[in-house]
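The next block holds one structure in the form of C-alpha coordinates; read it before the comments.
Residue numbers (this note's numbering): 1156 to 1549.
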(Lines of atoms letter the chains of each structure in order from A and count residues from 1; the text may use other names and numbers.)
(Lines give C-alpha, C1' and ligand atoms only; values in the text may rest on other atoms or scores of the structure.)
Protein backbone atom coordinates (compact mmCIF):
# COMPACT_ATOMS: atom_id res chain seq x y z
CA UNK A 1 0.00 0.00 0.00
CA UNK A 2 1.33 3.40 -0.92
CA UNK A 3 1.80 6.00 1.78
CA UNK A 4 -0.99 8.59 1.92
CA UNK A 5 -0.43 11.45 -0.49
CA UNK A 6 0.33 14.77 1.14
CA UNK A 7 -2.57 17.20 1.16
CA UNK A 8 -0.08 20.03 0.61
CA UNK A 9 1.98 19.24 -2.48
CA UNK A 10 3.57 22.70 -2.51
CA UNK A 11 6.68 23.49 -0.55
CA UNK A 12 5.88 25.93 2.29
CA UNK A 13 8.79 28.15 1.34
CA UNK A 14 7.73 28.44 -2.28
CA UNK A 15 6.10 31.66 -3.46
CA UNK A 16 3.07 31.68 -5.76
CA UNK A 17 5.09 32.50 -8.89
CA UNK A 18 8.78 31.67 -8.54
CA UNK A 19 10.93 33.39 -11.12
CA UNK A 20 14.34 32.24 -9.98
CA UNK A 21 14.72 28.45 -10.06
CA UNK A 22 16.50 26.94 -7.08
CA UNK A 23 18.23 23.58 -6.90
CA UNK A 24 16.01 20.52 -6.34
CA UNK A 25 15.77 19.46 -2.74
CA UNK A 26 17.50 16.24 -1.83
CA UNK A 27 14.39 14.87 -0.09
CA UNK A 28 12.16 15.07 -3.20
CA UNK A 29 11.21 11.46 -3.90
CA UNK A 30 8.60 9.95 -6.26
CA UNK A 31 5.38 8.89 -4.54
CA UNK A 32 3.18 6.16 -6.00
CA UNK A 33 -0.23 7.13 -7.40
CA UNK A 34 -2.92 5.10 -9.14
CA UNK A 35 -4.07 7.60 -11.73
CA UNK A 36 -4.10 11.29 -12.63
CA UNK A 37 -6.23 13.57 -14.82
CA UNK A 38 -4.10 16.22 -16.53
CA UNK A 39 -5.78 19.06 -18.45
CA UNK A 40 -3.75 21.28 -20.79
CA UNK A 41 -5.54 24.54 -21.58
CA UNK A 42 -4.31 27.11 -24.06
CA UNK A 43 -4.74 27.89 -27.76
CA UNK A 44 -4.69 25.32 -30.54
CA UNK A 45 -1.77 27.03 -32.28
CA UNK A 46 0.33 26.36 -29.17
CA UNK A 47 0.35 22.64 -29.91
CA UNK A 48 -1.92 21.63 -27.02
CA UNK A 49 -3.16 18.53 -28.88
CA UNK A 50 0.39 17.54 -29.80
CA UNK A 51 1.61 17.64 -26.20
CA UNK A 52 -1.44 15.74 -24.97
CA UNK A 53 -1.06 13.13 -27.70
CA UNK A 54 2.57 12.60 -26.65
CA UNK A 55 1.41 11.82 -23.10
CA UNK A 56 -1.26 9.43 -24.38
CA UNK A 57 1.19 7.65 -26.66
CA UNK A 58 3.69 7.32 -23.82
CA UNK A 59 1.02 5.74 -21.62
CA UNK A 60 0.28 3.20 -24.33
CA UNK A 61 3.95 2.29 -24.66
CA UNK A 62 4.25 2.00 -20.88
CA UNK A 63 1.44 -0.58 -20.56
CA UNK A 64 -0.83 1.93 -18.82
CA UNK A 65 -4.49 2.62 -19.50
CA UNK A 66 -5.28 6.04 -20.93
CA UNK A 67 -8.31 7.99 -22.10
CA UNK A 68 -8.38 11.49 -23.56
CA UNK A 69 -10.81 14.32 -24.20
CA UNK A 70 -10.15 17.39 -26.33
CA UNK A 71 -11.82 20.38 -27.93
CA UNK A 72 -10.91 21.86 -31.29
CA UNK A 73 -11.74 25.46 -32.30
CA UNK A 74 -13.58 26.02 -35.57
CA UNK A 75 -11.69 29.16 -36.58
CA UNK A 76 -8.95 28.90 -39.20
CA UNK A 77 -6.54 30.93 -37.06
CA UNK A 78 -7.13 28.68 -34.06
CA UNK A 79 -8.49 29.61 -30.65
CA UNK A 80 -9.02 28.34 -27.10
CA UNK A 81 -8.44 24.61 -26.87
CA UNK A 82 -7.90 21.89 -24.31
CA UNK A 83 -6.49 18.39 -24.21
CA UNK A 84 -7.30 16.29 -21.17
CA UNK A 85 -5.50 13.01 -20.61
CA UNK A 86 -6.14 10.52 -17.86
CA UNK A 87 -3.34 8.05 -17.23
CA UNK A 88 -3.76 5.18 -14.81
CA UNK A 89 -2.26 1.96 -13.60
CA UNK A 90 -5.15 -0.41 -14.06
CA UNK A 91 -8.52 0.06 -15.70
CA UNK A 92 -9.35 3.59 -16.83
CA UNK A 93 -13.00 3.91 -17.87
CA UNK A 94 -13.33 7.63 -18.56
CA UNK A 95 -11.31 10.76 -19.24
CA UNK A 96 -12.59 12.15 -15.94
CA UNK A 97 -14.90 15.02 -15.01
CA UNK A 98 -12.40 16.85 -12.83
CA UNK A 99 -8.72 17.54 -13.39
CA UNK A 100 -6.12 16.77 -10.74
CA UNK A 101 -3.61 18.92 -12.61
CA UNK A 102 -4.44 21.96 -14.75
CA UNK A 103 -1.84 23.63 -16.96
CA UNK A 104 -3.06 27.14 -17.88
CA UNK A 105 -1.15 28.94 -20.63
CA UNK A 106 -3.27 32.12 -20.66
CA UNK A 107 -5.63 34.10 -18.45
CA UNK A 108 -8.65 32.79 -20.34
CA UNK A 109 -7.30 29.25 -19.90
CA UNK A 110 -7.25 29.76 -16.15
CA UNK A 111 -10.64 31.46 -15.96
CA UNK A 112 -12.46 29.01 -18.22
CA UNK A 113 -11.13 25.84 -16.61
CA UNK A 114 -10.43 26.53 -12.94
CA UNK A 115 -13.85 25.14 -12.01
CA UNK A 116 -12.93 21.83 -13.63
CA UNK A 117 -10.12 21.27 -11.12
CA UNK A 118 -10.91 19.07 -8.14
CA UNK A 119 -10.51 20.64 -4.71
CA UNK A 120 -6.91 20.23 -3.61
CA UNK A 121 -5.71 19.89 -7.20
CA UNK A 122 -2.68 21.67 -8.65
CA UNK A 123 -2.95 24.67 -11.00
CA UNK A 124 0.31 25.05 -12.91
CA UNK A 125 0.17 28.39 -14.73
CA UNK A 126 2.39 30.46 -16.98
CA UNK A 127 3.28 33.33 -14.65
CA UNK A 128 4.22 35.43 -17.71
CA UNK A 129 0.58 35.44 -18.86
CA UNK A 130 -1.65 34.41 -15.95
CA UNK A 131 -2.64 36.14 -12.72
CA UNK A 132 -4.62 33.63 -10.64
CA UNK A 133 -6.88 34.42 -7.73
CA UNK A 134 -4.61 33.30 -4.92
CA UNK A 135 -7.35 34.04 -2.40
CA UNK A 136 -9.21 30.97 -3.65
CA UNK A 137 -7.78 28.39 -1.29
CA UNK A 138 -9.40 25.37 -2.94
CA UNK A 139 -6.36 24.75 -5.13
CA UNK A 140 -2.59 24.68 -5.03
CA UNK A 141 -1.02 27.31 -7.29
CA UNK A 142 2.32 26.79 -9.00
CA UNK A 143 3.62 29.63 -11.16
CA UNK A 144 6.35 28.98 -13.71
CA UNK A 145 7.44 31.58 -16.33
CA UNK A 146 6.84 29.11 -19.15
CA UNK A 147 6.96 31.60 -22.03
CA UNK A 148 10.15 33.33 -20.87
CA UNK A 149 11.97 30.10 -20.07
CA UNK A 150 11.05 28.63 -23.46
CA UNK A 151 12.37 31.69 -25.29
CA UNK A 152 15.51 31.57 -23.17
CA UNK A 153 16.05 27.85 -23.81
CA UNK A 154 15.63 28.20 -27.56
CA UNK A 155 17.69 31.35 -27.87
CA UNK A 156 14.73 33.51 -28.85
CA UNK A 157 14.82 32.28 -32.46
CA UNK A 158 11.49 30.48 -32.17
CA UNK A 159 9.87 33.06 -29.86
CA UNK A 160 7.53 31.06 -27.64
CA UNK A 161 6.99 28.23 -30.11
CA UNK A 162 7.87 25.10 -28.22
CA UNK A 163 6.36 25.98 -24.87
CA UNK A 164 4.04 23.00 -25.24
CA UNK A 165 7.13 20.78 -25.34
CA UNK A 166 8.66 22.71 -22.42
CA UNK A 167 5.52 21.91 -20.40
CA UNK A 168 5.77 18.29 -21.52
CA UNK A 169 9.25 18.15 -20.00
CA UNK A 170 7.94 19.73 -16.81
CA UNK A 171 5.12 17.19 -16.53
CA UNK A 172 7.59 14.39 -17.25
CA UNK A 173 9.67 15.47 -14.25
CA UNK A 174 6.70 15.94 -11.90
CA UNK A 175 5.16 12.57 -12.75
CA UNK A 176 8.47 10.67 -13.12
CA UNK A 177 7.64 9.60 -16.68
CA UNK A 178 10.02 7.72 -18.95
CA UNK A 179 12.32 10.36 -20.43
CA UNK A 180 13.90 8.21 -23.13
CA UNK A 181 10.56 6.92 -24.40
CA UNK A 182 9.21 10.46 -24.65
CA UNK A 183 12.29 11.68 -26.50
CA UNK A 184 11.85 8.82 -28.94
CA UNK A 185 8.18 9.72 -29.45
CA UNK A 186 9.11 13.35 -30.09
CA UNK A 187 11.80 12.31 -32.58
CA UNK A 188 9.35 10.01 -34.39
CA UNK A 189 6.74 12.77 -34.58
CA UNK A 190 9.08 15.17 -36.36
CA UNK A 191 10.89 12.54 -38.45
CA UNK A 192 11.22 13.61 -42.05
CA UNK A 193 11.30 17.30 -41.16
CA UNK A 194 14.39 19.47 -40.96
CA UNK A 195 16.78 18.24 -38.29
CA UNK A 196 16.69 21.64 -36.60
CA UNK A 197 12.99 21.12 -35.78
CA UNK A 198 13.75 17.89 -33.93
CA UNK A 199 16.67 19.51 -32.09
CA UNK A 200 14.56 22.52 -31.11
CA UNK A 201 11.82 20.26 -29.73
CA UNK A 202 14.32 18.22 -27.73
CA UNK A 203 15.93 21.41 -26.36
CA UNK A 204 12.54 22.68 -25.18
CA UNK A 205 11.75 19.30 -23.61
CA UNK A 206 15.08 19.15 -21.81
CA UNK A 207 14.65 22.70 -20.50
CA UNK A 208 11.28 21.83 -19.01
CA UNK A 209 12.57 18.60 -17.54
CA UNK A 210 15.55 20.37 -15.98
CA UNK A 211 13.39 22.97 -14.23
CA UNK A 212 13.82 22.46 -10.46
CA UNK A 213 10.34 21.30 -9.44
CA UNK A 214 11.65 20.86 -5.89
CA UNK A 215 11.34 24.62 -5.59
CA UNK A 216 7.55 24.54 -5.98
CA UNK A 217 6.38 21.01 -5.09
CA UNK A 218 7.04 18.82 -2.08
CA UNK A 219 6.29 15.69 -4.12
CA UNK A 220 7.03 14.13 -7.43
CA UNK A 221 4.63 11.40 -8.45
CA UNK A 222 5.08 8.00 -10.03
CA UNK A 223 2.39 5.76 -11.47
CA UNK A 224 2.03 2.40 -9.79
CA UNK A 225 3.61 -0.33 -11.87
CA UNK A 226 1.36 -3.30 -12.65
CA UNK A 227 3.22 -6.33 -14.07
CA UNK A 228 2.03 -7.36 -17.50
CA UNK A 229 0.32 -10.75 -17.50
CA UNK A 230 1.93 -13.55 -19.45
CA UNK A 231 0.41 -13.89 -22.90
CA UNK A 232 -1.30 -10.50 -22.75
CA UNK A 233 -1.90 -8.86 -26.11
CA UNK A 234 0.08 -5.79 -27.08
CA UNK A 235 -1.66 -2.58 -26.07
CA UNK A 236 -2.74 -0.16 -28.79
CA UNK A 237 -3.36 3.54 -28.16
CA UNK A 238 -5.55 5.33 -30.71
CA UNK A 239 -8.42 7.77 -30.94
CA UNK A 240 -11.86 7.09 -32.41
CA UNK A 241 -10.99 8.45 -35.84
CA UNK A 242 -7.96 6.18 -36.11
CA UNK A 243 -10.06 3.19 -35.01
CA UNK A 244 -12.66 4.06 -37.66
CA UNK A 245 -10.04 4.29 -40.42
CA UNK A 246 -8.44 0.97 -39.55
CA UNK A 247 -11.86 -0.63 -39.12
CA UNK A 248 -12.74 0.35 -42.69
CA UNK A 249 -9.50 -1.20 -43.94
CA UNK A 250 -10.08 -4.39 -41.91
CA UNK A 251 -13.58 -4.62 -43.42
CA UNK A 252 -12.11 -4.63 -46.93
CA UNK A 253 -12.68 -1.03 -48.04
CA UNK A 254 -9.93 -0.04 -50.48
CA UNK A 255 -11.25 3.08 -52.24
CA UNK A 256 -12.55 6.44 -51.14
CA UNK A 257 -12.57 10.20 -51.61
CA UNK A 258 -12.99 13.19 -49.35
CA UNK A 259 -12.42 16.86 -48.70
CA UNK A 260 -10.66 18.20 -45.58
CA UNK A 261 -12.82 19.49 -42.74
CA UNK A 262 -12.39 19.28 -38.97
CA UNK A 263 -12.88 16.83 -37.31
CA UNK A 264 -13.15 14.38 -40.25
CA UNK A 265 -9.72 15.26 -41.66
CA UNK A 266 -7.72 12.79 -39.55
CA UNK A 267 -9.83 9.87 -40.90
CA UNK A 268 -9.13 11.04 -44.41
CA UNK A 269 -5.41 11.45 -43.72
CA UNK A 270 -5.16 7.94 -42.29
CA UNK A 271 -6.95 6.40 -45.27
CA UNK A 272 -4.85 8.39 -47.74
CA UNK A 273 -1.71 7.09 -46.01
CA UNK A 274 -2.76 3.47 -45.49
CA UNK A 275 -4.95 2.42 -48.44
CA UNK A 276 -2.08 2.33 -51.01
CA UNK A 277 -0.39 -0.30 -48.81
CA UNK A 278 -3.37 -2.58 -49.54
CA UNK A 279 -3.62 -1.86 -53.25
CA UNK A 280 -6.20 0.89 -52.86
CA UNK A 281 -6.37 4.65 -53.20
CA UNK A 282 -7.94 7.62 -51.45
CA UNK A 283 -8.50 10.81 -53.44
CA UNK A 284 -8.62 14.34 -52.05
CA UNK A 285 -11.23 16.04 -54.22
CA UNK A 286 -11.61 19.74 -55.04
CA UNK A 287 -14.77 20.06 -52.93
CA UNK A 288 -17.45 18.05 -51.14
CA UNK A 289 -19.52 17.44 -54.28
CA UNK A 290 -16.48 16.13 -56.12
CA UNK A 291 -15.60 13.86 -53.19
CA UNK A 292 -18.96 12.11 -52.98
CA UNK A 293 -19.15 11.83 -56.76
CA UNK A 294 -15.72 10.18 -57.01
CA UNK A 295 -16.66 7.75 -54.24
CA UNK A 296 -19.87 6.88 -56.10
CA UNK A 297 -17.78 6.29 -59.23
CA UNK A 298 -15.62 3.81 -57.33
CA UNK A 299 -18.72 2.06 -56.05
CA UNK A 300 -20.38 1.97 -59.50
CA UNK A 301 -17.23 0.26 -60.77
CA UNK A 302 -17.79 -2.57 -58.32
CA UNK A 303 -15.69 -1.49 -55.33
CA UNK A 304 -17.36 -0.58 -52.06
CA UNK A 305 -16.12 2.93 -51.33
CA UNK A 306 -16.13 5.45 -48.50
CA UNK A 307 -16.49 9.20 -48.19
CA UNK A 308 -17.06 11.42 -45.20
CA UNK A 309 -17.18 14.88 -43.74
CA UNK A 310 -18.56 16.88 -40.82
CA UNK A 311 -22.03 18.46 -40.67
CA UNK A 312 -21.45 21.30 -43.19
CA UNK A 313 -19.90 18.91 -45.71
CA UNK A 314 -22.69 16.36 -45.30
CA UNK A 315 -25.14 19.17 -46.15
CA UNK A 316 -23.29 19.74 -49.42
CA UNK A 317 -23.26 16.01 -50.19
CA UNK A 318 -26.98 15.53 -49.51
CA UNK A 319 -28.27 15.64 -53.09
CA UNK A 320 -25.68 13.11 -54.29
CA UNK A 321 -26.41 10.89 -51.28
CA UNK A 322 -30.11 10.91 -52.20
CA UNK A 323 -29.26 10.06 -55.80
CA UNK A 324 -27.08 7.15 -54.66
CA UNK A 325 -30.03 5.79 -52.69
CA UNK A 326 -32.40 6.07 -55.66
CA UNK A 327 -29.83 4.47 -57.98
CA UNK A 328 -29.17 1.73 -55.38
CA UNK A 329 -25.42 2.37 -55.38
CA UNK A 330 -23.89 1.31 -52.04
CA UNK A 331 -21.71 3.86 -50.27
CA UNK A 332 -20.21 4.23 -46.79
CA UNK A 333 -20.51 7.79 -45.43
CA UNK A 334 -18.75 8.87 -42.23
CA UNK A 335 -20.24 11.92 -40.48
CA UNK A 336 -17.74 13.03 -37.85
CA UNK A 337 -20.10 15.36 -36.05
CA UNK A 338 -19.50 18.93 -35.09
CA UNK A 339 -21.98 21.49 -33.75
CA UNK A 340 -24.59 20.83 -36.43
CA UNK A 341 -25.26 20.83 -40.17
CA UNK A 342 -24.87 24.60 -40.67
CA UNK A 343 -21.56 26.09 -41.81
CA UNK A 344 -19.73 28.11 -39.16
CA UNK A 345 -20.92 26.44 -35.99
CA UNK A 346 -18.30 25.71 -33.31
CA UNK A 347 -16.51 22.40 -33.55
CA UNK A 348 -18.02 20.83 -30.45
CA UNK A 349 -19.10 17.24 -30.94
CA UNK A 350 -22.78 16.53 -30.27
CA UNK A 351 -25.69 14.70 -31.92
CA UNK A 352 -27.52 17.40 -33.84
CA UNK A 353 -26.39 15.85 -37.14
CA UNK A 354 -28.35 12.68 -36.44
CA UNK A 355 -31.65 13.80 -38.02
CA UNK A 356 -29.77 14.93 -41.10
CA UNK A 357 -28.10 11.53 -41.38
CA UNK A 358 -31.44 9.73 -41.11
CA UNK A 359 -33.77 12.01 -43.06
CA UNK A 360 -31.54 14.26 -45.21
CA UNK A 361 -32.52 13.87 -48.86
CA UNK A 362 -35.17 14.63 -51.49
CA UNK A 363 -38.07 12.24 -51.19
CA UNK A 364 -37.76 8.73 -49.82
CA UNK A 365 -34.14 7.83 -49.22
CA UNK A 366 -33.81 4.70 -47.07
CA UNK A 367 -30.43 4.13 -45.48
CA UNK A 368 -28.73 2.32 -42.63
CA UNK A 369 -27.47 4.70 -39.92
CA UNK A 370 -25.10 3.53 -37.18
CA UNK A 371 -24.73 6.10 -34.38
CA UNK A 372 -23.07 6.11 -30.99
CA UNK A 373 -25.68 5.61 -28.26
CA UNK A 374 -23.66 6.64 -25.20
CA UNK A 375 -20.76 8.90 -24.30
CA UNK A 376 -18.41 7.96 -21.47
CA UNK A 377 -15.64 10.54 -21.76
CA UNK A 378 -17.18 12.82 -19.14
CA UNK A 379 -18.51 10.22 -16.71
CA UNK A 380 -17.32 10.15 -13.14
CA UNK A 381 -14.16 8.30 -12.31
CA UNK A 382 -14.69 4.84 -10.75
CA UNK A 383 -14.24 4.45 -7.01
CA UNK A 384 -11.31 2.33 -5.87
CA UNK A 385 -12.43 -1.28 -5.48
CA UNK A 386 -10.29 -1.99 -2.42
CA UNK A 387 -9.26 0.10 0.54
CA UNK A 388 -5.71 -1.18 0.16
CA UNK A 389 -5.37 0.15 -3.39
CA UNK A 390 -3.09 3.15 -3.95
CA UNK A 391 -4.99 6.42 -3.68
CA UNK A 392 -5.68 8.58 -6.69
CA UNK A 393 -3.63 11.73 -7.09
CA UNK A 394 -4.56 14.47 -4.62
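Idealized CB from N, CA, C, for every residue including glycine.
Practice task
Kindly indicate which residue of 1189, 1220 and 1224 has the alpha-carbon position closest to the one of residue 1205.
Solution key: 1224
Handout entry: Chain-order list of residues whose beta-carbon lies under 6 angstroms from that of residue 1413 (same chain, five-residue window excluded)
Key = 1423, 1446, 1462 and 1463
Practice task
On the DSSP bridge assignment, give the partners of residue 1145 in chain order.
Solution key: Outside the shown range of the chain, which is 1156 to 1549, sits residue 1145, and nothing can be said about it.
Exercise for the section: Pick helix, strand or coil for residue 1417, following the three-state DSSP scheme. Expected result: coil
Problem - Simplified DSSP state of residue 1436, which is helix, strand or coil - result: strand
Handout entry: Stretch-stretch touch, CB-based, cutoff 8 angstroms, three pairs: the region 1325–1335 with the region 1346–1354
Key = no
Exercise for the section: Can you check DSSP and say which residues form a bridge with residue 1235? Expected result: 1198
Handout entry: Euclidean distance between Cα positions of residue 1450 and residue 1403
Key = 14 angstroms
Practice task
Return the CA-CA distance between residue 1470 and residue 1491, expressed in angstroms with no decimal places.
Solution key: 13 angstroms
Exercise for the section: Quick one: residues in its chain with C-beta nearer than 7 angstroms to the C-beta of residue 1342, no 5 flanking neighbours on either side, listed in chain order? Expected result: 1353
Handout entry: Beta-bridge pairing of residue 1490 - partner residues as DSSP gives them
Key = 1464
Practice task
Can you grab the Cα-Cα spacing for the pair residue 1511 / residue 1481, in whole Å?
Solution key: 17 angstroms
Handout entry: Own chain, CB closer than 7 angstroms to residue 1197, minus 5 neighbours either side, in chain order
Key = 1203, 1236, 1260, 1261 and 1264
Exercise for the section: Would you grab the beta carbon distance between residue 1251 and residue 1283 for me? Rounded to a whole angstrom, and I think it's under 8 angstroms. Expected result: With 8 angstroms as the limit, residue 1251 and residue 1283 do not qualify as a contact, their Cβ atoms being about 28 angstroms apart.
Exercise for the section: Pull up the distance between the alpha-carbon of residue 1525 and that of residue 1421, whole angstroms please. Expected result: 20 angstroms
Handout entry: Local Cβ density within 10 Å of residue 1369, reported as buried at 16 or more and exposed below that
Key = buried
Practice task
Excluding the 5 residues preceding and the 5 following residue 1309 in the sequence, name in chain order all residues of the same chain whose CB lies nearer than 7 angstroms to its CB.
Solution key: 1317, 1355, 1358 and 1359
Problem - Cβ neighbours of residue 1436 in the same chain (closer than 7 angstroms, five flanking residues each side left out) - result: 1410 and 1430
Handout entry: residue 1192 beta carbon less than 8 angstroms from that of residue 1253
Key = yes
Exercise for the section: Compare the C-alpha of residue 1276 against each of 1294, 1286 and 1476 and name the closest. Expected result: 1294
Handout entry: residue 1274: first and last residue of the uninterrupted beta strand (DSSP E) it sits in
Key = 1272–1281
Exercise for the section: Could you tell me the distance, in whole angstroms, from the CA atom of residue 1483 to the CA atom of residue 1508? Expected result: 23 angstroms
Handout entry: Candidates 1472, 1485 and 1479, of which the one nearest residue 1458 by Cα
Key = 1485
Practice task
Return helix, strand or coil for residue 1253, following the three-state DSSP convention.
Solution key: coil
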